[in-house]
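Peer 1: In the working numbering, the protein residues as written are 94 to 358.
Please find one structure pasted underneath; my questions will follow.
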Amino acid sequence: MTHSQPQLRTVDVTRYVKPLREGGSLPAIVEADDNFLYVLKFRGAGQGVKALIAELIAGEIARILGLRVPEIVFATLDEAFGRTEPDEEIQDLLRASEGLNLALHYLSGAITFDALVTNVEPKLASQIVWLDCLITNVDRTARNTNMLMWHKELWLIDHGAAFYFHHSWPNVEEQARRPFAQVKDHVLLPQATALDEVDAEYRGLLTPERIRAIVALIPDEWLLGDSPFATTEEHRQAYIQFLEVRLASSEIFVKAAQHARKALI
């Protein structure tokens, strides 16, 4: 499997279509200047740019691993949108999100994944569980699967809750070596019987060069402001350090996932 250097397009939002009110941060369906619809994640929402950074890194890692993720783009929001929106809550969100945001291609007609309806084969289940353990994604439970069925294929969405440690930036290396305790609630854990096989395969795919290329995509302006780091380069290096250390010690979260699965079944 070969992968080119990751690149993200930039689009300009031209029309606010409707909010997706099932999300706590009020993402919205918008149209862009390329005439495509996108699910826009706002920098002015509750978790701010950290959720956008998590979405970006997690989504592009998933893509390198061969998992299906909607195309991710940078989306520029003009200040004019906040002037015409009648809903005050949405108006405030639009005004707080002027400038560069993140959006994912809208999968029109997709339906929410239901584990009771769709059976996921063990290799794919193991791949998704392994990814979520790597990125510490707490949001793939039976209650909130954050997966869609589109054209009979499984697509991963909504990774803004991943890398939760970056909201306080404790010791990065210590965090990277921790097992992922929340895996016990993962919707696909019962089917994840091929974690050792996936671990060997995925560790080979996620090279240091690929990790650095993904982290390099983060816009400088998202790394400024509320940051404990002196420079944007130090901030980027912290993400790189977390991922490289976590990959090097992946047997810790793999074994924890296997133990959680045995306890579950």
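Positions of the beta carbon are idealized from the N, C-alpha and C atoms, including for glycine.
In its own chain, which residues sit with a C-beta less than 8 Å from the C-beta of valine 110, not counting the 5 before and 5 after it?
Peer 2: Excluding residues within five positions, the ones whose Cβ falls inside 8 Å are Ala121, Ile122, Val123, Glu124 and Leu130.
Peer 1: Let me know the secondary structure DSSP gives proline 179 once reduced to three states.
Peer 2: In the structure shown, proline 179 sits in coil (DSSP, three-state: anything other than H, G, I, E or B).
Peer 1: Have a look at Leu113, Gly141 and Trp223 and flag the residue whose alpha-carbon is nearest the alpha-carbon of serine 320.
Peer 2: Selected option, being the one with the closest Cα: Gly141.
Peer 1: Return the CA-CA distance between glutamine 220 and leucine 249, expressed in angstroms with no decimal places.
Peer 2: So the two alpha carbons sit approximately 12 Å from each other.
Peer 1: What distance in whole Å lies between the Cβ atoms of lysine 134 and leucine 71, which are believed to be in contact at a cut-off of 8 Å?
Peer 2: Lying outside 94 to 358, the shown extent of the chain, residue 71 is not represented and no answer is given.
Peer 1: Bridge partners for tryptophan 243 per DSSP, in chain order?
Peer 2: Answer is Glu246, bridged to tryptophan 243.
Peer 1: Please report the straight-line C-alpha distance between serine 342 and arginine 156, rounded to a whole angstrom.
Peer 2: The straight-line gap from Cα to Cα measures roughly 22 Å.
Peer 1: Since proline 112 sits in a beta bridge, which residues does DSSP pair it with?
Peer 2: BP columns for proline 112 point to Ala121.
Peer 1: In the DSSP assignment, find the unbroken alpha helix (DSSP H) run with tyrosine 295 in it and report its ends.
Peer 2: Counting along the chain, the alpha helix (DSSP H) containing tyrosine 295 begins and ends at 288 to 298.
Peer 1: For leucine 145, which residues from the same chain have a beta carbon less than 8 Å from its beta carbon, with the 5 sequence-adjacent residues on both sides left out?
Peer 2: Closer than 8 Å at Cβ, skipping near neighbours: Lys134, Arg136, Asn194, Leu195, Gly253 and Trp315.
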